[in-house]
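Have a look at the structure below before the remarks.
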Amino acid sequence: MRPAPGARNVSSGIEPTPVQPRPQAAYNPSYVSGHSPIEPNTASFKAHYGLNPIVNAASTLIAVFAKTRSAVSHPDVSGLHQRLIGEIKTLEAELRDLGLKQEVQLSVRYLMCSVLDEAVLNTPWGTESAWAQRTLLSVFHGETSGGEKSFLILDRLRQSPSENLDVIELFYICLSLGFEGRYRLMNRGREALDQVRDELFSIIRRQRGDYERTLSPAWSGLGRTRNPLTEYIPLWVVVALMAAILFFSYSGLRYWLYASSSPVADDIAELVSNEK
């Protein structure tokens, strides 16, 4: 029986259960630059700069999740599975390098496994594949579905928002991109999920503070980069030149008016003389 993503997990614990992954086929880096419509080159999705180091570390998996949800097909589902296992192992190494607590590392890994499994298993090509028999969550945590426990983990994290802000932001991003978990099968689940997302946004805003409304608060102009013309030419020369231009303009306009009105004046004079 295939587990539906977002279904309730029978485990009653909150902490993700770490298990040793079973031996996998060798991870092939060349697959990263293959011709899959979902991930043309995930190296280009990697974020190296940002306020949140956990989101930076998970940026490749986040990008794959966003693309997978809207993909109508995939040419190599088995290859995608192997590649994501390799990407999750890379995420684990980066989280360790950040010096994070073990429970934080497990929470992040659990979330990303749940998110990616849900994305694949809610596509036509994912449900027709063998993914449900070997989900990412089963590989790394020995569980079949994380739709329920993911939100139990989130509830625990929300109890100490200042300490867990980076993971809370990762949850917020995943929810914003379409992760539903246990709310997928609930009545009015969308409304409840929107409320959870709004609450996370409020937590993040309180912890991070209001965003900077000025685009560049320390901006200053370049100042005067060119010397004005008066530093090279005396002011009286400029005034004289302008006066000459005005004089010749006036003279030219007067001549044009005289030349234009002379024929009319001659005609009027001729009419007057004929009447006499």
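Numbering that gives the first Met the number 0 puts the last residue of the sequence shown at 275; the count rises by one with no breaks.
We treat Cβ as the ideally placed atom computed from N, Cα and C, and that holds for glycine.
{"Asked": "Measuring CB to CB, does Met111 end up less than 8 Å from Leu60?", "Found": "yes"}
{"Asked": "Can Leu169 and Val76 be called in contact, C-beta distance under 8 Å?", "Found": "no"}
{"Asked": "Checking 8 Å against the spacing of the C-beta atoms, do Glu117 and Phe178 come in under that value?", "Found": "yes"}
{"Asked": "What do you reckon, are the CB atoms on Gln164 and Gln206 nearer than 8 Å?", "Found": "The displayed chain sequence assigns Leu, not Gln, to residue 164. For Leu164 and Gln206, yes; Cβs fall inside 8 Å."}
{"Asked": "Rounded to whole angstroms, what's the CA-CA distance from Trp255 to Leu234? Just pull it up for me.", "Found": "32 Å"}
{"Asked": "For Leu94 and Leu105, I'd like the C-alpha separation in whole angstroms.", "Found": "10 Å"}
{"Asked": "In its own chain, which residues sit with a C-beta less than 7 Å from the C-beta of Gln194, not counting the 5 before and 5 after it?", "Found": "none"}
{"Asked": "Are the beta-carbon atoms of Tyr182 and Ile203 separated by less than 8 Å?", "Found": "no"}
{"Asked": "If you reduce the DSSP assignment to three classes, tell me which class Phe178 lands in.", "Found": "coil"}
{"Asked": "Round the Cβ separation of Phe64 and Leu115 to the nearest angstrom and send it over; I've been treating them as touching at under 8 Å.", "Found": "6 Å"}
{"Asked": "Could you tell me which whole alpha helix (DSSP H) segments of length 4 or greater appear in the stretch 141 to 178?", "Found": "148 to 157, 164 to 175"}
{"Asked": "Along the chain, where does the alpha helix (DSSP H) that runs through Glu91 open and close?", "Found": "76 to 96"}
{"Asked": "Out of Glu162, Leu199, Ser128, point me to the one whose CA is closest to Gly78's CA.", "Found": "Ser128"}
{"Asked": "What is the C-beta distance between Tyr324 and His140, in whole angstroms, given that I count them as a contact (C-beta under 8 Å)?", "Found": "Only positions 0 to 275 of the chain appear in this structure, which leaves residue 324 out of reach."}
{"Asked": "Got a sec, what are the start and stop residues for the alpha helix (DSSP H) Met185 sits in?", "Found": "Counting along the chain, Met185 falls outside any alpha helix (DSSP H), and DSSP gives it neither H nor E."}
{"Asked": "When you compare only the Cα positions, how much space is there between Tyr257 and Leu245?", "Found": "18 Å"}
{"Asked": "When the distance is taken between beta carbons, is Ile167 closer than 8 Å to Arg157?", "Found": "yes"}
{"Asked": "Less than 8 Å separating the beta-carbons of Gly180 and Gly146?", "Found": "yes"}
{"Asked": "With a 10 Å radius around its C-beta and 16 neighbouring C-beta atoms as the bar for buried, classify Ile84 as buried or exposed.", "Found": "buried"}
{"Asked": "By a C-beta neighbour count over all protein chains shown, 10 Å radius and 16 as the cutoff for buried, is Asn51 buried or exposed?", "Found": "buried"}
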